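Numbering (our numbering), first residue to last: 253 to 687. Don't be surprised by glycine CBs; every beta carbon is placed ideally from N, CA and C. All values reported here derive from a predicted model rather than from experimental measurement. Report on the structure given below.
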Ligand code: UD1
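Written as structure tokens, this is what we have:
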């Protein structure tokens, strides 16, 4: 199991590049299921969840490659689902990746049959997919649950999903994406209301439209889809990862550095930029794809409350909490999306932070003098918050279980070392995610 040894105290300086968005690449790869032609995706991040999805698509009979399209294999994926010999998402493959439900809609739409292992719970709370199921049932699919799998079929309605009117009870990102993909091949019109408005939904819709889908309204809460008989191949570049970009902005601010975050989309980062500015750092959009963050004196206490896009993202809550430990005064961090997303708190406290959690709100008193400690990563974004805290802690921190980090951040230690951080990866045991 890999560990990070991080020595704090270096202000980060220079330019750091953002990779493609994991949360956009995952649904876009699943969209390849919808056609028998080739789909080529560029700017794919090299992270563990993507490797898992490649494996998953291959196990269903897809051809998955990369180098032959003339771009580095690790950032370009070519997927061809000419035949789906085995429309099953096996538990052994999907157990480490929560986004596996994204293949449910495309599989049942294309093959009329899908068997998908139910996602387990995870550190940040239960991850129900009832809204995916409800939507597909409304489109006519018959869904049964047994032996840890969901089985969906359309033979009783003639093998094709039917367009319908779906109103999501709750805003769900992958639920919107899953049903959007299913609706592209359904018979007739599907009207979806109370949809997620995240940039990743818009990116998926852009790919689907290139593939021949008829979609209006992606990026708003109402999406209208006219189903088509067939989709064709397409080539698409994935948007930059706004959460990785936000993590780097916090890294610049927390270390009192001067950091340029390149290859990002500033328009996706409005709420995050506003809060880092409120905390007292200077943040400037210096070009269409770069943001500079500079921080000098003590940061100011700042409250955040997570919301669906365009609000402050839950995926940046843990990182921003690390920043508030270094801000003067009392900050309140409220988590509204997931019920148990404060796993990083106890680890930050072990490093010297003063944080009290009551219900959905954490009260952070700063600025705390953090000292290096042995801490455990519990989930993807919690790991990022511990890296950020370790960058300012006095002395050395040891971060255990960094495989959580590797699920969603591409070579983060190399990227941060390139701008002055001192991080060493040590490997001394097999990674459990690979077993
Ligand atoms: C996606 C992101 C994840 C992010 C989250 C919220 C991907 C691969 N992952 O996860 O990084 O933290 O959005 O921005 O894109 N819910 C239900 N029933 C459902 C579906 C969701 O009750 O069928 C609830 C969830 O428990 C949660 C809330 O809705 O409380 C939002 O979850 P959702 O938007 O679905 O998260 P994901 O799509 O899994």
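Can you find the residues in the same chain that come closer than 6 Å, C-beta to C-beta, to residue i, ignoring five residues on each side of it along the sequence?
i, result
"residue 645", "260, 603, 622, 623, 624"
"residue 471", "449, 454"
"residue 750", "In the structure as shown, the chain starts at 253 and stops at 687, and residue 750 therefore has no counterpart that could be examined."
"residue 676", "257"
"residue 266", "671"
"residue 669", "675"
"residue 263", "507, 508, 509"
"residue 427", "383, 384"
"residue 367", "340, 401, 403"
"residue 393", "360, 404, 406"
Assuming residue i is part of the alpha helix (DSSP H), what are its boundary residues?
i, result
"residue 657", "655-658"
"residue 462", "451-462"
"residue 574", "569-576"
"residue 385", "382-390"
Over the uninterrupted beta strand (DSSP E) stretch that includes residue i, give me the two end residues.
i, result
"residue 316", "315-317"
"residue 581", "579-586"
"residue 512", "510-514"
"residue 643", "From DSSP, residue 643 is part of no beta strand (DSSP E) but of the alpha helix (DSSP H) over 632-644."
"residue 503", "Careful: residue 503 lies outside any beta strand (DSSP E), inside the alpha helix (DSSP H) at 494-506."
"residue 402", "401-405"
"residue 266", "265-269"
"residue 663", "Note, residue 663: premise wrong, no beta strand (DSSP E); not H, not E."
Nearer than 8 Å: is that true of the beta carbon of residue i relative to any heavy atom of ligand 1?
i, result
"residue 425", "yes"
"residue 350", "yes"
"residue 309", "no"
"residue 586", "no"
"residue 208", "Residue coverage of the chain in this structure runs from 253 to 687, which leaves residue 208 outside it and unanswerable."
"residue 297", "no"
"residue 381", "yes"
"residue 384", "yes"
"residue 407", "no"
Using only alpha-carbon positions, find the residue among the options that is nearest to residue i.
i, options, result
"residue 276", "677, 620, 339, 491", "491"
"residue 335", "351, 359, 328, 327", "359"
"residue 388", "398, 402, 505", "402"
"residue 569", "635, 537, 552, 539", "635"
"residue 679", "427, 651, 661", "651"
"residue 431", "462, 478, 552", "478"
"residue 380", "590, 291, 631, 445", "590"
"residue 445", "422, 437, 439", "422"
"residue 489", "328, 370, 309", "328"
"residue 462", "289, 648, 273", "289"
"residue 440", "397, 475, 480", "480"
"residue 352", "458, 665, 309, 483", "309"
Within its chain, find whatever has a CB closer than 7 Å to the CB of residue i; leave out the 5 residues flanking it on each side and keep chain order.
i, result
"residue 687", "Bear in mind that a pLDDT of 33 at residue 687, under 50, signals an unreliable position, so the model cannot answer this."
"residue 617", "582, 606"
"residue 685", "Here the model assigns residue 685 a pLDDT of 45, short of 50, so the residue's position is not dependable and the matter cannot be decided."
"residue 683", "In this predicted model, residue 683 has a pLDDT of only 48, less than 50, meaning its place in the structure is not dependable; the value taken from the coordinates is given anyway. The residues are 253, 254, 655."
"residue 364", "405, 406, 407, 411"
"residue 271", "297, 493, 496, 662"
List the DSSP bridge partners of residue i.
i, result
"residue 240", "Examination of residue 240 is not possible in this model, given that the chain is present from 253 through 687 alone."
"residue 615", "584, 608"
"residue 300", "Its beta-bridge partners do not exist; DSSP assigns none."
"residue 293", "329, 488"
"residue 521", "Looking at the DSSP assignment, residue 521 forms no beta bridge with any residue, so it has no partner."
"residue 626", "650"
"residue 259", "648, 674"
"residue 536", "544"
Spatial neighbours of residue i within its chain, please: CB distance less than 8 Å, with the 5 preceding and 5 following residues excluded, ordered by chain position.
i, result
"residue 543", "497, 501, 512, 513, 516, 518, 521, 525, 535, 536, 537"
"residue 552", "530, 531, 532, 579, 580, 581"
"residue 620", "577, 578, 604, 605, 606"
"residue 452", "273, 275, 276, 279, 425, 429, 491"
"residue 640", "499, 502, 503, 506, 571, 574, 575"
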